[in-house]
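Report on the structure given below.
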Amino acid sequence: MTDGAAASRRLMDLMIGYWASQAVYTAAKLGLADELADGPATPAQLADRTGTHEPSLARLLRFLAELGVVERDPARGTYRTTEVGRTLRTEEQGSMRDLALLYGEEFYAGWGNLTHTVRTGENAFTALHGAAMYPYFGRTPELTAKFDRAMAASSAFFDPIPTLFDFSEARTVVDIAGGNGSLLTTVLRAHPHLRGVLFDTEHVVDAARTELARTELADRLDYAWGDYYEKVPAGGDVYLLSRVLHGRDDQRCLEVLRRIREVIPEDGALLIVERVVPEDGSPSLAAWFDVHMLAIAGGSERTASEYAALLEQSGFALSVVHGLPLDSELLVAVPRTRSADA
Numbered sequence: 351m352t353d354g355a356a357a358s359r360r361l362m363d364l365m366i367g368y369w370a371s372q373a374v375y376t377a378a379k380l381g382l383a384d385e386l387a388d389g390p391a392t393p394a395q396l397a398d399r400t401g402t403h404e405p406s407l408a409r410l411l412r413f414l415a416e417l418g419v420v421e422r423d424p425a426r427g428t429y430r431t432t433e434v435g436r437t438l439r440t441e442e443q444g445s446m447r448d449l450a451l452l453y454g455e456e457f458y459a460g461w462g463n464l465t466h467t468v469r470t471g472e473n474a475f476t477a478l479h480g481a482a483m484y485p486y487f488g489r490t491p492e493l494t495a496k497f498d499r500a501m502a503a504s505s506a507f508f509d510p511i512p513t514l515f516d517f518s519e520a521r522t523v524v525d526i527a528g529g530n531g532s533l534l535t536t537v538l539r540a541h542p543h544l545r546g547v548l549f550d551t552e553h554v555v556d557a558a559r560t561e562l563a564r565t566e567l568a569d570r571l572d573y574a575w576g577d578y579y580e581k582v583p584a585g586g587d588v589y590l591l592s593r594v595l596h597g598r599d600d601q602r603c604l605e606v607l608r609r610i611r612e613v614i615p616e617d618g619a620l621l622i623v624e625r626v627v628p629e630d631g632s633p634s635l636a637a638w639f640d641v642h643m644l645a646i647a648g649g650s651e652r653t654a655s656e657y658a659a660l661l662e663q664s665g666f667a668l669s670v671v672h673g674l675p676l677d678s679e680l681l682v683a684v685p686r687t688r689s690a691d692a
């Protein structure tokens, strides 16, 4: 293949990338992985179960096989899910079905308006839906639950956190904007001596309390709700702030950080989970998500230096940055009255 042909093929691959994302979304929307949970099935059987047009579904399945989401048995004419496809099952541990729905519906529509954002600086999601992302998803319990489940699906990078920070001297961990409590419960399960406080908006906290009341952690959890731009719960030794700052501009970030600084003890710590843009320009998902935040949330991914500057302005010092899975990082900050090496 000539250089020109290779370049054209590469550009073609880039241009049709949304075909794959929408095929995965359609598979999630139709619940194909759930329908295949009990074993392989033919397109006709799946069309009957999902109420779809068999010839069209057969063509979608063939494409999904190209993508590695399903696998075809030529001898039987049946399809089964691959390891990738199984992550779309509703009841699968770490299911990504809601994430696929979110990316294929609200986020997909926002990205379709990216040109507007680049031309005007106006957030595409807000221009399209008439509301910013977080207020939009907070409109109803159903949308909130969908968003929280989607975010929980990408929380695999939480797993190392309990071992990357020394929680031995802490007693209470407060999770700010903690959603359904995925990060907080990961920390509590790893450290039985800790209590946790989940803080978010009222209806998010109510939904999380209902779910977490069924777990073994119920008697180690407390709940609080409110507006973190105005006030956050006092009494924590460690505060968690996961995937919050990247969705806000600098001024809003400072407001959140300053509210935490007002209540954190001088020997406390703030743990921030974000994707950090490499200072040297090396490849990272952070560059992808930076444009995603531009189009969808009006925020941005930042470099470690940019986070350090925000922390400095709000009374913290950046102590250390630990790498996490999925090109994410754990930033540990301490009150500025202490040494950043403490």
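Basically this note's numbering = 1-based index in the sequence shown + 350.
Even glycine gets a Cβ: it sits at the ideal position worked out from N, Cα and C.
Keep in mind the model is a prediction, meaning the values are calculated, not measured.
Three-way DSSP call (helix, strand, coil) for residue i in this model
i    : result
S664 : coil
V588 : strand
R499 : helix
V694 : As displayed, the chain neither begins before 351 nor continues past 692, which places residue 694 out of reach and without an answer.
H596 : helix
F413 : helix
P393 : helix
R686 : coil
R564 : coil
V524 : strand
Y429 : strand
R360 : helix
L404 : Strictly speaking, residue 404 in this sequence is Glu, with Leu absent from that position. Helix.
Y375 : helix
D384 : helix
F507 : helix
H368 : The question names His, yet the displayed sequence has Tyr at residue 368. Of the three classes helix, strand and coil, the one that applies to Y368 here is helix, per DSSP.
V613 : helix
Separation of residue j from residue i, as counted between CA atoms
i    : j    : result
T560 : G618 : 29 Å
Q601 : A647 : 15 Å
S664 : V524 : 18 Å
D353 : Y368 : 25 Å
D423 : T431 : 11 Å
A391 : Y453 : 27 Å
L410 : A357 : 28 Å
L567 : M501 : 21 Å
E492 : T376 : 20 Å
L674 : L680 : 7 Å
D677 : E456 : 24 Å
A692 : L635 : Below a pLDDT of 50, predicted positions are generally treated as unreliable, and A692, at 46, falls in that range; the measurement from the model is reported next regardless. Approximately 30 Å between the Cα atoms of the pair.
R686 : L621 : 14 Å
R611 : M446 : 35 Å
A513 : H672 : The sequence as given places Thr at residue 513; Ala does not occur at that position. Cα to Cα, the separation comes out at about 11 Å.
E433 : E605 : 43 Å
G480 : G597 : 17 Å
A694 : V623 : Outside the displayed range of the chain (351 to 692) lies residue 694, so it cannot be described from this structure.
A355 : H553 : 54 Å
Integer Cβ distance of residue i from residue j, believed to fall under 8 Å
i    : j    : result
A667 : V684 : 6 Å
Y589 : I526 : 6 Å
V547 : A506 : 24 Å between Cβ atoms; not a contact.
A658 : A474 : About 29 Å separates the two Cβ atoms, so there is no contact after all.
L464 : A503 : Actually they do not touch by this definition, with Cβ atoms about 24 Å apart.
T522 : G576 : Contact flag wrong, Cβ pair sits at about 17 Å.
F508 : H541 : With 8 Å as the limit, F508 and H541 do not qualify as a contact, their Cβ atoms being about 14 Å apart.
V582 : R609 : 5 Å
L607 : L661 : 7 Å
D384 : T440 : 5 Å
Residue from the options with nearest C-alpha to residue i
i    : options                : result
I614 : E404, S632, E629, A584 : A584
R530 : V626, L382, A495, A425 : What sits at residue 530 in the sequence shown is Asn, not Arg. Ranking the options by Cα distance to N530, first place goes to A495.
L595 : E651, Y486, R489       : E651
P628 : F639, A459, D384       : F639
D398 : L380, D509, V468       : L380
G649 : T467, E421, A394, I511 : T467
R436 : L533, V555, L386       : L386
G471 : D599, V554, G401       : D599
A408 : G389, L382, D388       : L382
Practice task
Write down every uninterrupted run of the alpha helix (DSSP H) in the region 445-500 whose length is 4 residues or greater and which is fully enclosed by it, in chain order.
Solution key: If we require 4 residues or more, the alpha helix (DSSP H) runs fully inside the region 445-500 come out as 447-454, 456-461, 464-470, 474-479, 483-487.
Problem - Start-end ranges of the alpha helix (DSSP H) lying completely within the region 635-680, minimum 4 residues - result: 635-646, 654-663
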